[in-house]
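Numbering (this note's numbering), first residue to last: 7 to 145.
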Amino acid sequence: MARLRQAPIEYKVCADCGIEYEGAQCPQCRHAFDPQTTRKVTHDRLILVGVNPPIYEREARFRCKKCGNLYAAPQSPLCQESNPQRPTIVWVRTFNQVESLEELQRREWLEGEKDEGGEGAEETEIEGVNDHVEESEEQ
Ligand SMILES: [Zn+2]
Ligand SMILES: [Zn+2]
Numbered sequence: 007m008a009r010l011r012q013a014p015i016e017y018k019v020c021a022d023c024g025i026e027y028e029g030a031q032c033p034q035c036r037h038a039f040d041p042q043t044t045r046k047v048t049h050d051r052l053i054l055v056g057v058n059p060p061i062y063e064r065e066a067r068f069r070c071k072k073c074g075n076l077y078a079a080p081q082s083p084l085c086q087e088s089n090p091q092r093p094t095i096v097w098v099r100t101f102n103q104v105e106s107l108e109e110l111q112r113r114e115w116l117e118g119e120k121d122e123g124g125e126g127a128e129e130t131e132i133e134g135v136n137d138h139v140e141e142s143e144e145q
């Protein structure tokens, strides 16, 4: 069953412009993700789980004690530190599904707006009447 849960989400930090992103490349400068040079961090976020296909999947990572980078092993590619501790579980965006949580929320918001369409239609009508009056005065 689909539900929201708070989970540590893995983000890549762009080596060029410093923004955090999910996926294969930086959405801002298009710099491709490279595990040798791209730092990975986690942030706790609310995500939608229990959906098929899954939006996020669990993956094991080691957190480097030296530089804080998350890596898959055998050593931290950023500082070459090799001292794996107990792996930590992070959630990685799968991109199986186009819709992100933000997009889902935006869609719900838009659908909510549509329900109030009755009021909107009345306002439009009143505006139309006013326009008509102005036009008549000009003529
Ligand atoms: Zn970038
Ligand atoms: Zn490191």
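Cβ coordinates follow ideal geometry from the N, Cα and C atoms, glycine included.
Can you list, in chain order, the residues of its chain whose CB lies under 6 Å from that of K18, leaving out five sequence neighbours each side?
-> In its chain, beyond the 5 residues on either side, Y27, F39, T44 and K46 have a beta carbon closer than 6 Å to the beta carbon of K18.
Return the bridge partner residues of A13 from the DSSP annotation.
-> Bridge partners of A13: R51.
K18 (DSSP reduced to helix, strand or coil) = Correct three-state label for K18: strand.
Between L76 and V96, is the Cβ-Cβ spacing less than 8 Å?
-> Contact check for L76 against V96 passes: the beta carbons are separated by less than 8 Å.
Closest residue to H49 among R92, A13, M7 and N102 (Cα-Cα distance) = The residue with the shortest Cα to Cα distance from H49 is A13.
Identify whether T94 lies in helix, strand or coil by the three-state DSSP scheme.
-> Looking at T94 - three-state DSSP - the assignment turns out to be strand.
Is it true that the CB of P93 sits closer than 8 Å to the CB of F68?
-> A contact, by the Cβ cut-off of 8 Å.
Proximity of P60 and N102 at Cβ, strictly below 8 Å = Yes, these two residues count as a Cβ contact at 8 Å.
Can you tell me where the beta strand (DSSP E) with E87 in it begins and where it stops?
-> Here E87 belongs to no beta strand (DSSP E), and DSSP marks it neither H nor E.
What did DSSP end up calling K72 once you bin it into helix, strand or coil?
-> Reduced to three states, the DSSP call for K72 is coil.
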